[in-house]
Structure formats: C-alpha cells, structure tokens
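The next block holds one structure in the form of structure tokens; read it before the comments.
In the working numbering, the protein residues as written are 24 to 158.
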C-alpha cells in the first residue's frame with residue numbers, strides 16, 4: 024500500500040509528499056506491467072494457455088459425470104485398495120470367464136482324445152482280426 028511505501032521513505036515523504044506519491048504510482052504501474060509480461064512469458068514458454076484450456080475442458084466434462092469422484096483419504100494403503108479393488112474384481116471376473124472357457128475346451132479335447140483312443144483300439148482289433156483271418 025501507499026502508506027507502507029511512504030513509511031519506508033519517510034524522510035523523502037516529509038520533504039515532498041506529492042513526488043513520493045508520483046514515484047509510488049510509477050513504481051506500481053511498472054511493477055504491474057513487469058508482472059504481466061513475466062506471466063505472459065511463462066504462459067508462452069510452458070504452453071500454459073493450451074494446458075489451461077485443456078484443464079477447463081476436463082473440469083466441464085467432470086461436471087457431467089454421475090459416478091462418485093474419488094478423493095484420497097490420506098492413508099496410502101486404503102487409497103490404493105479403494106482404487107485397485109474395482110479393477111482387480113473386474114479382472115478376476117474376466118479370468119474366471121477365461122478359465123471356464125479353457126476348462127470347457129479341455130473337456131472337449133479330452134473327449135476327442137478318448138474317442139480317438141477308442142477308434143485306435145477298434146482299428147487295432149480289426150487289424151488283428153483280419154490278420155488272424157488272413158493267416
């Protein structure tokens with residue numbers, strides 16, 4: 024504030040209060056300009072304009088979501104569990120489905136193998152019978 028500025032330069036303020044006010048106004052004006060320029064440089068260097076627009080878009084999309092938003096509890100073990108359990112349950116269900124499919128596939132292959140063995144046994148008996156008949 025101007026009062027703090029004047030207190031810092033109290034000797035000069037006592038001699039020329041109008042000049043002190045003018046210097047203060049110029050200082051504030053130049054400081055604001057300098058800050059605005061530096062902020063613009065930072066925005067340009069970091070491509071912040073694009074990032075801020077992207078962030079705004081994410082915020083708008085989040086407003087339309089109906090599912091509950093996750094918030095950390097501050098206890099990492101609980102946080103990781105609450106984040107991972109739904110994923111792991113979904114993955115377990117997927118793996119159980121795949122397991123059932125593979126078990127069914129294995130059952131069919133086992134039946135096919137048994138049928139093939141039976142057919143081989145039949146053919147061996149037929150061969151033996153024809154061999155005996157031929158002799």
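For each residue, glycine too, the CB sits at the ideal point set by N, CA and C.
DSSP three-state assignment for residue i, whether helix, strand or coil
{"i": "residue 99", "result": "helix"}
{"i": "residue 60", "result": "helix"}
{"i": "residue 158", "result": "coil"}
{"i": "residue 88", "result": "coil"}
{"i": "residue 148", "result": "helix"}
{"i": "residue 119", "result": "helix"}
Same chain, Cβ closer than 7 angstroms to residue i, five either side skipped, listed in chain order
{"i": "residue 35", "result": "43"}
{"i": "residue 158", "result": "none"}
Distance between beta carbons of residue j and residue i, contact taken as under 8 angstroms
{"i": "residue 102", "j": "residue 109", "result": "Between residue 109 and residue 102 the Cβ distance is about 13 angstroms, and since that is not below 8 angstroms, they are no contact."}
{"i": "residue 66", "j": "residue 60", "result": "With a Cβ gap of about 11 angstroms, residue 66 and residue 60 do not count as contacting."}
Residues near residue i in its chain [Cβ-Cβ closer than 8 angstroms; skip 5 each side]
{"i": "residue 50", "result": "28"}
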